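So for the sequence shown, the working numbering puts the first residue at 1; every next one is plus one.
Cβ coordinates follow ideal geometry from the N, Cα and C atoms, glycine included.
On a predicted model such as this, the values are computed, not experimentally measured, just so you know.
Comments concern the structure below.
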Amino acid sequence: MHTLTLDPADADAIAALLDELAERHDSVEDQTLQDELTLQSHRLPLALRRFLTDFRLHEPAGACVVSGYRVDQDRIGATPAHWQHRTGVSPALREEIFLLLCGALLGEPVAWATQQDGYLVHDVLPVKGHEDEQIGTGSNQTIFWHVEDAFHPYRGDYVGLLCLRNPDRVPTTFVGVQDLEISAEDRRVLAEPRFYMLPDNSHLQMLDAGPGRPLEGGTRLLDAAYERLKQMRDDAAPVPVLFGSPADPYLCLDPYFMDLDRLDPQARDALQRLSDEIDRRLGGAALSSGEIVFVDNYRAVHGRSSFAARFDGTDRWLKRVNVARDLRRSRDARATAASRVLF
Numbered sequence: 001m002h003t004l005t006l007d008p009a010d011a012d013a014i015a016a017l018l019d020e021l022a023e024r025h026d027s028v029e030d031q032t033l034q035d036e037l038t039l040q041s042h043r044l045p046l047a048l049r050r051f052l053t054d055f056r057l058h059e060p061a062g063a064c065v066v067s068g069y070r071v072d073q074d075r076i077g078a079t080p081a082h083w084q085h086r087t088g089v090s091p092a093l094r095e096e097i098f099l100l101l102c103g104a105l106l107g108e109p110v111a112w113a114t115q116q117d118g119y120l121v122h123d124v125l126p127v128k129g130h131e132d133e134q135i136g137t138g139s140n141q142t143i144f145w146h147v148e149d150a151f152h153p154y155r156g157d158y159v160g161l162l163c164l165r166n167p168d169r170v171p172t173t174f175v176g177v178q179d180l181e182i183s184a185e186d187r188r189v190l191a192e193p194r195f196y197m198l199p200d201n202s203h204l205q206m207l208d209a210g211p212g213r214p215l216e217g218g219t220r221l222l223d224a225a226y227e228r229l230k231q232m233r234d235d236a237a238p239v240p241v242l243f244g245s246p247a248d249p250y251l252c253l254d255p256y257f258m259d260l261d262r263l264d265p266q267a268r269d270a271l272q273r274l275s276d277e278i279d280r281r282l283g284g285a286a287l288s289s290g291e292i293v294f295v296d297n298y299r300a301v302h303g304r305s306s307f308a309a310r311f312d313g314t315d316r317w318l319k320r321v322n323v324a325r326d327l328r329r330s331r332d333a334r335a336t337a338a339s340r341v342l343f
């Protein structure tokens, strides 16, 4: 695990920067704030900038953790009952800005029109009625390890999670591809386009209902997104699980949302051996309040252990963002060049 603990002086400097930005902006959905994220990220302490830049350039691990940021529990208040309950200024605005600034050192924070109404920063918390869903608002089920949005060619390069509270010490699970033992023959099979990724429930549910707020480019792009997801669901094209350098590959898989029935025996066996190896090597970290983890979505799979939600305002609550290293390649799925919402 690649880790950094902020020293107290750096934590104080970050708090002062966040106070300033929170005074000027009342939401991370503010386009003005989004346009200056990269500029403002260079006001973060040098040690943090160096750490995240090293993680981006040298790929030393499948995930990294930043500790030492302090969350005011009284200010953020109770864990909301639902991610849709957004009224006025977010009580965790400073934490949302901090997550985006860190993300901007890795790439460009982005959102999906088909996830949480297209908001740039998501709430990860238990929702009544979702207990047994294989999505971030579930609780009773273990979130099976996966690459985030594995089905989509515009999936993010990183997934960032900032922990607001985690009183039950629920682990976030992950393992990096560099920690896996994969035979040469399985590497060959897994690197061939013989596997079928399907859209996951978090996208399909929102697609059926439509976003709960107006989005720039709305109907036209949403219709295109619907057709794209429908095709991915009904007629997925074969793709490899391993790609990039044969000696040090990237990976892309989500077994819970793959069409396993279409696999030939050799591909099925290779995927099963890879899955068994991931199960064997999978580790976890129970994030503490104020900690941020960035998972390299090309280098690692991640998931979450199950837990018993109380729905009393004290449950686990994280903020999440997707980060893309190359925003331009998704231009056909965004309303404008500067827009960060992908349809």
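For residue i, does the count of other Cβ atoms within 10 angstroms reach 16, so buried, or fall short, so exposed?
i	result
G118	buried
L99	buried
A61	buried
K319	buried
D315	buried
Q266	exposed
D85	Contrary to the premise, residue 85 reads as His rather than Asp in this sequence. Exposed: under 16 other Cβ atoms inside 10 Å.
R280	exposed
H203	buried
Would residue i pass as a contact of residue j if the rule is Cβ separation under 9 angstroms?
i	j	result
V293	V121	no
L221	R328	no
P193	P240	yes
R304	G136	yes
A63	V295	yes
L287	N201	no
L4	S90	no
M232	H146	no
In this structure, how does DSSP classify residue i when only helix, strand and coil are distinguished?
i	result
A15	helix
Y196	coil
G103	helix
G129	coil
M258	strand
V159	strand
N140	coil
R24	helix
T336	coil
S330	helix
Counting along the chain, where does the alpha helix (DSSP H) carrying residue i start and finish?
i	result
H146	Note, H146: premise wrong, no alpha helix (DSSP H); beta strand (DSSP E) at I143 to H146.
A270	P265 to R281
T5	From DSSP, T5 is part of no alpha helix (DSSP H) but of the beta strand (DSSP E) over H2 to T5.
In the DSSP assignment, find the beta strand (DSSP E) that holds residue i and state where it starts and stops.
i	result
V189	Segment A184 to L190 is the alpha helix (DSSP H) holding V189; no beta strand (DSSP E) there.
R304	A300 to R304
F174	T172 to G176
Exercise. Should the region 97 to 114 be called in touch with the region 32 to 46, which here means at least 3 C-beta pairs below 8 angstroms?
Worked result: Verdict: yes, contact present.
Exercise. Between the region 265 to 281 and the region 154 to 170, do three or more beta carbon pairs fall short of 8 angstroms?
Worked result: Two segments are said to touch when three or more pairs of C-beta atoms, one from each, lie closer than 8 angstroms; by this definition the region 265 to 281 does not touch the region 154 to 170.
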